[in-house]
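In my numbering, the protein residues as written are 9 to 379.
Note that beta-carbon positions come from the ideal geometry of N, C-alpha and C, so glycine has one too.
Owing to the predicted nature of the structure, the values given are computational and were not obtained by experimental measurement.
The structure appears below as structure tokens.
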Amino acid sequence: MSDQRIVPIVMPKWGLSMKEGKVTGWLLEDGSRINPGDAILEVETDKIAGAVEAHESGVLRRRVGEPDTIYPVKSLLGVIADPSVPEEEIDRFVASYVTPSTDDDEEEQGPKYEFADTSLGQIRYAKRGSGNDTVVLIHGFGGDLDGWLFNIDALAEAATVYALDLPGHGKSAKSLADPSLATMTAALSEFMEKLGIDSAHLVGHSMGGAIAMHLASEDADKVDSLTLICPAGLGKEIGGYVDAFVAAQGRKDLKPVLEQLFADKSLVSRQLIDDVLKYKRLDGVEPLLKDLAASLFAGQTQQDQPGAKLAAGDAPPALVIWGKQDEIIPATHAGNLPGAKVVIFDDAGHMVFMEKASDVNALIKAHVAGS
């Protein structure tokens with residue numbers, strides 16, 4: 009950073025629908041030396057809470073955002089600058105800062121969500137970025153594409169990124185004649201074909217990891233690399249989360265179930281619970297989830313082992329990321345894919361890509377670039 013450069017700290021845009029966030033507290037004092045990746049302050053949205061991290065080095069010269077105050081996306085929250093920058097210049101920068109409109113960006117980016125018609129029904133998806141590499145994000149059981157809110161835009165800085173709602177999930181079709189790993193994999197494959205994606209770097213979380221591995225073993229030409237985040241399909245054991253998730257009917261039942269996903273239980277917000285309940289109550293969701301759970305995880309046992317089949321053949325370059333405190337699938341499964349690079353975070357759980365978003369994004373970018 010040049011001596012005279014002033015770097016704004018702004019309210020981030022996490023996810024496709026975020027409009028504002030609340031500053032819940034600062035983690036650093038004025039005058040603190042900052043390096044890229046350092047957590048500066050904490051922000052809470054209607055979906056989840058997280059830390060705003062530095063992208064530049066320098067000194068925290070001014071904290072502008074007030075705790076317990078809501079600010080629109082891109083609002084000025086603080087200032088990073090070299091110690092040589094005079095206070096008067098910091099004052100002028102803060103006084104003259106105008107929060108950019110998000111409308112122009114949204115028009116440039118096009119629709120927030122799009123739909124692809126497939127033989128399995130409509131598939132909702134989001135597309136970000138325009139890089140030469142193509143990345144497809146595949147969520148887990150009961151999730152949707154909005155789960156990648158901390159990842160999709162960061163990854164889109166270096167690639168063209170797609171995130172989809174699998175059949176039965178999010179805003180995709182809620183009817184599936186044969187809820188199975190093979191059907192979900194076929195849905196991913198057809199989705200890629202419909203969008204003209206010949207091959208991609210697949211990033212799969214939990215059930216999405218099993219789907220990614222299954223596609224790699226069935227149609228290797230479509231998979232440039234694999235990033236497997238706490239994936240199913242690398243071992244038999246699985247906790248009781250899936251059955252409990254399917255059975256939960258109200259807030260009281262669902263809250264402790266969702267808390268199993270995180271090492272930091274405070275990340276399970278009231279809004280998150282409400283959103284999941286709203287999804288579970290949609291027509292067709294409950295029977296589909298029951299059938300899918302019975303097919304994939306009957307008796308709290310993973311019925312499909314695509315990792316074993318993949319290990320026996322020519323696997324694409326693979327990165328396995330896990331949270332050591334995963335209560336859903338044991339982190340010990342991380343070593344069950346020979347030749348894969350393995351990274352385990354001690355203080356994260358099943359949703360490690362949320363809890364350690366910056367680190368995970370950096371790992372995925374490096375893996376894609378190196379593949």
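Item: Measure the alpha-carbon distance for residue 154 versus residue 94 and round it to whole angstroms.; Value: 42 angstroms
Item: Is it buried or exposed, residue 278, if we count other Cβ atoms within 10 angstroms and call 16 or more buried?; Value: exposed
Item: Grab me the residues of residue 322's own chain with a C-beta within less than 8 angstroms of its C-beta, minus the 5 sequence neighbours each way, in chain order.; Value: 228
Item: Consult DSSP for residue 22 and reduce its assignment to one of helix, strand or coil.; Value: coil
Item: Taking Cβ to Cβ, would you say residue 238 is nearer than 7 angstroms to residue 358?; Value: yes
Item: Taking residue 231 and residue 324 to be in contact with their CB atoms under 8 angstroms, please state how far apart those CB atoms are, rounded to whole angstroms.; Value: 5 angstroms
Item: Report the rounded CA-to-CA distance for residue 189 versus residue 214, giving the unit in angstroms.; Value: 12 angstroms
Item: Which residue or residues does DSSP assign as beta-bridge partners of residue 259?; Value: Beta-bridge pairing links residue 259 to no other residue.
Item: Spell out the partners DSSP gives residue 16 in its beta bridges.; Value: 87
Item: With DSSP collapsed to three states, give me the class of residue 212.; Value: strand
Item: What are the boundary residues of the beta strand (DSSP E) that residue 57 is part of?; Value: 57-61
Item: If you draw a straight line from the alpha carbon of residue 104 to that of residue 79, how long is it in whole angstroms?; Value: 17 angstroms
Item: Could you say which of 365, 187, 84 lies nearest to residue 302 if we only look at CA atoms?; Value: 187
Item: At the level of alpha carbons, what is the spacing between residue 251 and residue 43?; Value: 43 angstroms
Item: Three or more C-beta pairs under 8 angstroms: does that hold for the segment 262-278 against the segment 330-338?; Value: yes
Item: So, under 8 angstroms CB-CB, residue 193 and residue 223 are touching, yes? Tell me the CB distance rounded to an integer number of Å.; Value: 5 angstroms
Item: Let me know the alpha helix (DSSP H) ranges lying completely inside the segment 180-257, each 4 residues or longer, listed in chain order.; Value: 189-202, 215-226, 249-255
Item: According to DSSP, is residue 287 part of a helix, a strand, or is it coil?; Value: helix
Item: Taking the alpha helix (DSSP H) that residue 367 falls in, what are its first and last residues?; Value: 365-378
Item: Going by beta-carbon coordinates alone, are residue 360 and residue 331 separated by less than 7 angstroms?; Value: yes
Item: Could you tell me if residue 52 is buried or exposed, where buried requires 16 or more neighbouring beta carbons within 10 angstroms of its beta carbon?; Value: buried
Item: What's the gap between the Cα of residue 112 and the Cα of residue 281?; Value: Bear in mind that a pLDDT of 48 at residue 112, under 50, signals an unreliable position, so the model cannot answer this.
Item: Is it true that the CB of residue 175 sits closer than 7 angstroms to the CB of residue 181?; Value: yes
Item: What's the call for residue 306, buried or exposed, on a 16-neighbour Cβ count within 10 Å?; Value: exposed
Item: Let's test the definition: count the other Cβ atoms within 10 Å of the Cβ of residue 235 and tell me whether it reaches 16, buried, or not, exposed.; Value: buried
Item: Output the distance between the C-alpha atoms of residue 118 and residue 137, rounded to the nearest integer angstrom.; Value: Confidence is the limiting factor: at residue 118 the pLDDT is only 45, short of 50, which leaves the residue's position unreliable, though a coordinate-based value still follows. For residue 118 and residue 137, the distance between alpha carbons rounds to 11 angstroms.
Item: Please list, in chain order, all residues of the same chain as residue 67 whose beta carbon is under 8 angstroms from its beta carbon, the five residues on each side excluded.; Value: 39, 40, 41, 42, 88, 89, 90, 91
Item: Measure how close the beta-carbons of residue 312 and residue 220 come, nearest whole angstrom, since I'm counting them as under 8 angstroms.; Value: Actually they are not in contact, since the Cβ atoms of residue 312 and residue 220 sit about 13 angstroms apart, beyond 8 angstroms.
Item: Could you check which residue in 241, 134, 348 has the C-alpha nearest to that of residue 317?; Value: 241
Item: From 123, 134, 150, pick the residue whose C-alpha is nearest to that of residue 296; which is it?; Value: 150
Item: By Cβ distance, which residues of its chain are closer than 7 angstroms to residue 22, with the 5 residues on each side in sequence left out?; Value: 53, 58, 157, 158
Item: Pull up the DSSP beta-bridge partners for residue 130, would you.; Value: 125
Item: How close, in whole Å, do the beta carbons of residue 85 and residue 18 come, if the pair is a contact with beta carbons under 8 angstroms?; Value: 6 angstroms
Item: Does the distance from the C-beta atom of residue 172 to that of residue 199 stay below 7 angstroms?; Value: yes
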